[in-house]
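>
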Amino acid sequence: MITVHNLGFPRIGVGRELKKSLEAYWKGERNREQLEQVGRELRHRHWQLQAEAGLDYVPVGDFSWYDHVLDLSVLVGCIPERFGRVVDKVDLDTYFRMARGRAPQGEPVAACEMTKWFDTNYHYIVPEFQAGQSFRLAHTKIFDEVTEAQEQGFRVKPVLLGPLSYLWLGKAKGDTLDKLSLLPDLLTVYREILARLQTQGVTWVQIDEPILVLDLPTAWQEAFHRAYTALWTPGLNLLLATYFGPLSDHTALACNLPVAGVHLDLVRHPEQLDQVLAHLRPETVLSLGLVDGRNIWRTDLQRALTLLRPVYEQLGSRCWVAPSCSLLHSPVDLRLETQLDPELKSWLAFAQQKVEEVTLLKRALSGPYVSAALDSWQQAAQSRRNSGRIHQKAVQERLHQPIPTMRPPYPERARLQHEQFNLPLYPTTTIGSFPQTSQIRNIRYQYKKGLLCQAQYLEQMQLQIKEAVRVQETLGLDVLVHGEAERNDMVEYFAQYLTGYAFTVNGWVQSYGSRCVKPPIIYGDVSRPVPMTVPWITYAQSLTAKPMKGMLTGPVTMLQWSFVRDDQPRATTCLQIALALRDEVQDLEKAGIRMIQIDEPALREGLPLRTGEWQHYLDWAVYCFRVCSSGVMDTTQVHTHMCYSEFNDIIASIAALDADVITIETSRSDMELLEAFTDFAYPNEIGPGVYDIHTPNIPTVAQMVALIQKAKAHIPAERLWVNPDCGLKTRNWPEVQQALHNMVAAAHLLRAQDDP
Ligand code: GLN
Ligand code: ZN
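My numbering applies: residue 1 is where the sequence shown begins, and numbers increase by one.
1) Quick check: what's the CA-CA separation for Val-481 versus Asn-488?
2) The beta strand (DSSP E) with Asp-208 in it runs from where to where?
3) Is the region 401–412 in contact with the region 90–101, if contact means three or more CB pairs nearer than 8 Å?
4) Quick one: what's got a C-beta closer than 6 Å to Gln-460's C-beta in the same chain, skipping five residues either side?
5) By alpha-carbon positions, which one of Leu-236, Val-259, Ala-227, Asp-265 ends up nearest to Phe-244?
6) Could you tell me the distance, in whole angstroms, from the CA atom of Arg-281 to the CA atom of Asn-256?
7) Is the Cβ-Cβ distance between Val-505 and Glu-337 less than 8 Å?
8) In the DSSP assignment, find the unbroken alpha helix (DSSP H) run with Ile-651 in it and report its ends.
9) Nearest to Glu-41 by CA position, among Ala-149, Met-633, Lys-141, is which residue?
10) Have a look at Ala-219, Leu-167, Leu-360, Arg-731 and flag the residue whose alpha-carbon is nearest the alpha-carbon of Gly-54.
11) Compute the distance between the beta-carbons of Ala-717 and Leu-425, then report whether it is under 8 Å.
12) Under the three-state reduction of DSSP, which class applies to Trp-220: helix, strand or coil?
13) I want to see whether chain D comes within less than 8 Å of Arg-594, judged by CB atoms only; does it?
14) Looking at the structure shown, is Asn-648 part of a helix, part of a strand, or coil, going by DSSP?
15) Any heavy atom of the ligand GLN closer than 7 Å to the Cβ of Asp-599?
16) I'd like to confirm something about Cys-726: is its beta-carbon nearer than 7 Å to some heavy atom of the ligand ZN, or not?
17) Return the bridge partner residues of Trp-320 from the DSSP annotation.
18) Relative to the alpha-carbon of His-748, which residue among Pro-210, Ala-702, Ala-138, Pro-519 has its alpha-carbon at the smallest distance?
19) Which class does Arg-515 belong to by DSSP, given the choice of helix, strand or coil?
20) Are Tyr-497 and Met-551 touching if we call contact CB-CB under 8 Å?
21) Please tell me whether, using a cut-off of 7 Å, the distance from the CB of Met-595 to the nearest non-hydrogen atom of the ligand GLN is below it.
22) Glu-672 and Ile-698: beta carbons closer than 8 Å?
23) Just verifying my parser: in three-state terms, what is the DSSP assignment at Trp-47?
24) At the level of alpha carbons, what is the spacing between Phe-83 and Met-98?
25) Whole angstroms is fine: what's the gap from Trp-733's alpha carbon to Pro-435's?
26) Express the C-alpha separation of Pro-10 and Arg-441 in angstroms, rounding to a whole number.
27) May I ask which residues mark the beginning and end of the alpha helix (DSSP H) holding Ala-279?
28) I'd like the span of the beta strand (DSSP E) that includes Asp-300, first residue to last.
29) Would you say Arg-654 touches the ligand ZN, meaning its beta carbon is less than 7 Å from a heavy atom?
30) At which residue ranges does the region 229–258 contain complete alpha helix (DSSP H) runs of 4 or more residues, listed in the order of the chain?
31) Between the region 586–599 and the region 624–637, do three or more beta carbon pairs fall short of 8 Å?
32) Across which residues does DSSP place Asp-599 in a beta bridge pair?
33) How far does the alpha helix (DSSP H) with Val-60 in it reach, from first residue to last?
34) Any chance the region 376–393 sits against the region 344–356, with 3 or more Cβ pairs inside 8 Å?
35) By DSSP, does Lys-27 sit in helix, in strand, or in coil?
36) Tell me whether Met-406 is buried or exposed, calling it buried when 16 or more other Cβ atoms sit within 10 Å of its Cβ.
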């Protein structure tokens, strides 16, 4: 008989109970005991439903108040000094201060950094290691939860992030600290943790080492042997879990570690199975990740069984089955989606359904009596393959037609554009959004609920645009924006106008802490039946003689922040979106808009985990951007915006986008990133963000002048723009007005200096 298990269940709760109670606790509206009660209920409910579905082991330790990497930092006593000395056990409020810089109890302090968990949209709290860092057992959460689950009668498999992935994901403060030098001390604590779990009667521990799917320096590869030899404990079985990619060149390494089992992500990379089987030691358990843990499609069980059957024949009870990775990355329960079209809904599976799929695979192996359940599953898979709602002939045909993506060389375009716009040196602009006030949210809400008719909504929104334009004119900005009042976010707004997209009402996925996102679903061919932004932008342009920027979300970001269909390459879906956006760009131009900004904040996060695959991705991503941006006259100025500061390794691709102007985040890195732009001799115009919009602090004129002067050392003044480093939607109007007032003053001062 095979063993079925799960690597982790979403913590947020089907009604986002965790989010709600955390936020209430932080506001002081709930006490600690009430919060703890919600945690207990969620854990119990999730164990219960997994056990009832038929899992042989339920994961324990996957629940977290904020983040599982932070949980581990607290467990091993890795608490930066600024959070105070920890006597005995780390307090929950100290934990929240590490995550957020504040908590109901205690002084505010700088929070720990947060960054993306591999190539997902989940963000973890980065461990901080100092010189002389030592570790010690400083919490009991995992042990308490094991006891809690056992007392409720569940068969448990605790989950821990492995020591090497933990060190890899952390950040050494101070240049000289070699993170691997911390391993021996860390292992001492891990041994203690394992020993204690063993005394609790635990027989299997899942130890996640997702870094095994990355390119690893030799020293790190070698450290795996040392680490797992040290962790080997008689009578305690370790299941080494890998996910998000294939083991590839680390296959032999992983298969030869002294662990009792290895878990593979076979959804993303089924082809690694043979190689792993060839290396697997005769007593090792192989856990097959056959159900996609990070997308929302029903598993094609027939295909999964084709992979599973021969492995089961070969390994027998050493064959385990699970989702590909933790279900943290999928929404909780599909049954809540009462608004979804039934056919579409029949193609989907959320976390709860994925657990059922795993157990269905087990039952399918053991006999014919599940054939009815299996059949209905298969019918859904088949209906999806053949459904008329997925394929659009016109979209398919367009993919095969040549798409011109070349524009004349930038200097030629720049000459024409400069003649046309006649902007001053250091032109000032913003990134697109203005404060999303409660008034704006209320107007959108009322419209959605049918309390405002379309004409009323239009009128109200136009008032918002009018006000945004008036403020910008008063401030004296050179290039204006309409303010994005009509958008709740950057993706859903556009997706609502496109074919091939569907929306859930409750498909929430944790992004970080209490924050959740609800990505739209791309299920079919994408096209744009009607313009998406033209009425807003042309209205805004009609109010001013200054250039008004059209404002769009780029194809890669539209793709990256959605659940994407898995029946064709992502590049193909991206190209469909790019073509739809190309139509919008051309319509904006036809309507008289001369500057069009296409935001790609997610371009970098789409990079594959292995550097060897980067170029292929960058090639199609750049191509898609050019498809959507290139169908315009030479005089139309294309802008793009990205909000991150690591450009060095992808600068050639950024240049290949060939946007006339790029606005980027630089203020926090003190313009250091511009070095990348000089080393590479970036040819086009750049607006290096001159202040950080993420804080309410008002930047001074002098600060911004100094930053632009720094920028001038790297980019000639004729190609510099002056702008904030991202959209202003999260700020309030007084902050925005003061900051932009100073920003415009800074630009004036520089102009006067250059041209006295
Ligand atoms: N135009 C968008 C805005 O200003 C860009 C947002 C982003 O970069 N994430 O809000
Ligand atoms: Zn941004």
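Beta carbons: idealized from backbone N, C-alpha and C, even for Gly.
Working from what's here:
1) 17 Å
2) 204–208
3) no
4) Ile-443
5) Asp-265
6) 7 Å
7) yes
8) 651–656
9) Ala-149
10) Leu-360
11) yes
12) helix
13) Of the protein chains in this structure there is only one, and it is not chain D.
14) helix
15) yes
16) yes
17) Thr-3, Ser-287
18) Ala-702
19) strand
20) no
21) no
22) no
23) helix
24) 7 Å
25) 6 Å
26) 29 Å
27) The residue you asked about is not Ala; residue 279 is His in the sequence shown. First-last of the alpha helix (DSSP H) with His-279: 272–279.
28) Taken as a continuous stretch (DSSP letters only), Asp-300 belongs to no beta strand (DSSP E), as it is neither H nor E.
29) Position check: residue 654 holds Ile in this sequence, whereas Arg was assumed. Not so, every heavy atom of the ligand ZN lies at least 7 Å from the Cβ.
30) 251–255
31) yes
32) Thr-553, His-641
33) Segment 58–60 is the beta strand (DSSP E) holding Val-60; no alpha helix (DSSP H) there.
34) yes
35) coil
36) exposed
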